[in-house]
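In the working numbering, the protein residues as written are 6 to 297. All C-beta atoms, glycine included, are put in the ideal place defined by N, C-alpha and C. Working notes for the structure below.
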C-alpha cells in the first residue's frame with residue numbers, strides 16, 4: 006500500500022483503572038522525526054512508543070500525545086506525620102511561653118509546614134503500565150495507518166490518471182514530430198539555397214546539410230525515455246511501500262525530458278503540448294510531496 010505522510014489516529018481505553026488516550030498526528034518531512042509527549046510519571050514508556058512508530062512509519066514528522074487519567078486507580082493515602090507535628094507544636098508553645106508572642110497556632114498554619122503529612126502511593130507496576138500504554142498506542146497507530154493508506158490510495162489513483170494524460174500528450178508530440186521535422190528541413194533547404202546562391206555547391210550537399218541540422222530537433226529519444234519513466238511510475242505505484250523518494254527522483258528525470266523536448270521544438274503546437282506536459286508534472290510533484 007502507498008501511504009500518505011499526513012494522517013491522524015486516536016485510541017482510548019481503560020486498563021487497570023486508568024483511562025489511557027493516545028493520539029498521533031503527522032505531516033510530511035524528509036526523514037522520520039518522532040516526538041512523544043507523556044505524563045512525567047510515565048516517561049519510561051517513551052522509547053517503547055517511539056519504537057512502535059518507527060516500525061510503522063518510514064518518513065514524516067509524527068507527534069504522539071499520551072494522556073493518562075488515573076481516577077479509577079488505587080488512590081494514594083495521606084496521614085499525619087505525628088512525630089514531626091508534635092515537634093512543631095512543642096516548639097511553638099515554647100515560643101509563646103518564652104517570648105510572649107501571640108498564640109495563633111491553627112490547622113491551616115500547621116498544614117503549610119514541611120513534612121506535616123505523609124503521602125503513601127501504591128507501588129507502581131511499571132511493567133504492566135508499559136504494556137497498557139503500548140497496547141493503546143498500537144491501536145492508535147493502526148487507526149493512523151488506515152487513514153494514511155486511504156489517502157495514499159486516492160493519491161495513487163490521481164497519479165495514475167495524470168500519468169495516462171501525459172502518455173496522451175507524448176503521443177501528440179510523437180505524431181507532430183515528423184511534420185515538424187519535415188517543415189524545419191524544408192525551411193533549412195530554402196535558406197541554404199538562398200545563402201549559397203551563385204556558388205558551386207551542388208544540390209545534394211544542400212539536402213544533406215539540411216537533413217543533418219533538422220535531425221537535431223528530433224525528439225524520438227526523449228519521448229522514448231519519457232514513456233519509460235511513465236512505465237516506472239506505474240510499476241512503483243503497483244509495488245507500493247515507501248516510494249516517495251523514488252518518485253521524487255523519477256519526476257526530476259521526467260521534467261528533464263520534457264524540458265529537452267521543449268528546447269528542441271521549433272513548432273508552436275508542440276510547444277503548447279510541452280506546456281501541458283509540464284503542468285501535469287507539476288501537479289504530480291505536489292502530490293508526491295505527501296507520499297511516504
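Cβ-based neighbour list, residue i, same chain, cut-off 6 Å, excluding 5 preceding and 5 following
i, result
"residue 71", "27, 43"
"residue 182", "224"
"residue 283", "263"
Residue interval of the beta strand (DSSP E) (run including residue i)
i, result
"residue 66", "65 to 74"
"residue 27", "23 to 32"
"residue 85", "82 to 85"
Own chain partners of residue i with C-beta closer than 7 Å, once the 5 adjacent residues on each side are dropped
i, result
"residue 145", "14, 15, 16, 27, 28, 29"
"residue 36", "64"
"residue 118", "93"
"residue 288", "167"
Which of helix, strand or coil DSSP assigns to residue i
i, result
"residue 106", "coil"
"residue 122", "strand"
"residue 159", "helix"
"residue 143", "helix"
"residue 20", "strand"
"residue 35", "coil"
Span of the alpha helix (DSSP H), counted from its first residue to its last, around residue i
i, result
"residue 116", "112 to 116"
"residue 235", "225 to 244"
"residue 8", "Run containing residue 8: none; DSSP gives neither H nor E here."
"residue 43", "From DSSP, residue 43 is part of no alpha helix (DSSP H); its letter is neither H nor E."
"residue 276", "273 to 293"
"residue 266", "249 to 269"
"residue 60", "51 to 61"
From the options, residue whose alpha carbon lies closest to that of residue i
i, options, result
"residue 106", "114, 97, 113", "97"
"residue 295", "91, 125, 164", "164"
"residue 39", "20, 59, 23, 47", "59"
"residue 12", "152, 101, 125", "152"
"residue 112", "277, 169, 85", "85"
"residue 20", "268, 120, 134", "134"
Cβ-based neighbour list, residue i, same chain, cut-off 8 Å, excluding 5 preceding and 5 following
i, result
"residue 299", "The shown model of the chain, from 6 to 297, leaves out residue 299, and the question about it has no answer."
"residue 7", "154, 157, 158, 160, 161, 242, 245, 246, 248, 296, 297"
Residue i Cβ short of 6 Å to the ligand FAD heavy atom set
i, result
"residue 284", "By its list of ligands, the structure shown contains no ligand whatsoever, and the ligand FAD lies outside what it can speak to."
ask   = So, do the stretch 261 to 272 and the stretch 226 to 243 have three or more beta carbon pairs nearer to each other than 8 Å?
value = yes
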